[in-house]
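Numbering (our numbering), first residue to last: 424 to 551. Just below is one structure, and these are the notes that go with it.
Listed below in structure tokens is the structure:
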């Protein structure tokens, strides 16, 4: 059988569920797909998603380290930027930067120092 990777789902460490939901759901427009506690009163593990991007958020101390970076290729980065800028989120006012690898990058930092680097390839128009 041929080896084929189907999907990558980053696990990001969180410390406060309310702050995580404020950032990922209220600010970024993601939805909570499911939540799970492995035991009653234990740390929360949940999945959020939007438009094909799936992230796992975990309060478990052994799941990832705060300050992780997730690089994502996407389309519509300027539309997403306009959407989140209109929300006046007090803790994040990101801009879009042109990168050396010919993309527009929207860098978002969550309340736990995790970074989402959302990139859209700049299409080159060539005249003949």
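Think of the CB as a built atom: it goes at the ideal place given N, C-alpha and C, for glycine as much as any other residue.
**Message:** Mapping the DSSP letters down to three states, classify residue 450 as helix, strand or coil.
**Reply:** What you label residue 450 is simply residue 27 of the chain shown in a count that begins at 1. Residue state, collapsed to three classes: helix.
**Request:** Closer than 7 Å by C-beta to residue 532: which residues in its own chain qualify, once you throw out the five before and the five after it? Chain order, please.
**Result:** Stepping through the chain shown from its first residue, residue 532 is reached at position 109. So the qualifying residues of the chain are 515, 538.
**Asked** By the 10 Å Cβ neighbour count, where 16 or more other Cβ atoms means buried, how is residue 453 classified, buried or exposed?
**Response** What you label residue 453 is simply residue 30 of the chain shown in a count that begins at 1. Buried, by the Cβ-count rule.
**Prompt:** chain C beta carbons: is any one of them nearer than 7 Å to that of residue 507?
**Reply:** This model lacks chain C altogether; it includes just one protein chain.
**Contact under 7 Å by Cβ, residue 511 with residue 526** = Taking the chain shown and counting its residues from 1, one reaches residue 511 at position 88. Taking the chain shown and counting its residues from 1, one reaches residue 526 at position 103. No, they are not a contact pair.
**Message:** Can you give me the C-alpha to C-alpha distance between residue 534 and residue 501, rounded to a whole angstrom?
**Reply:** As a first step, residue 534 is located in the chain shown; it is residue number 111 there, counting from the start. As a first step, residue 501 is located in the chain shown; it is residue number 78 there, counting from the start. The alpha-carbon atoms of residue 534 and residue 501 are separated by roughly 22 Å.
**Range covered by the beta strand (DSSP E) that runs through residue 437** = Translated into the one-based positions of the chain shown, residue 437 becomes position 14. Premise fails: residue 437 is in no beta strand (DSSP E) and is neither H nor E.
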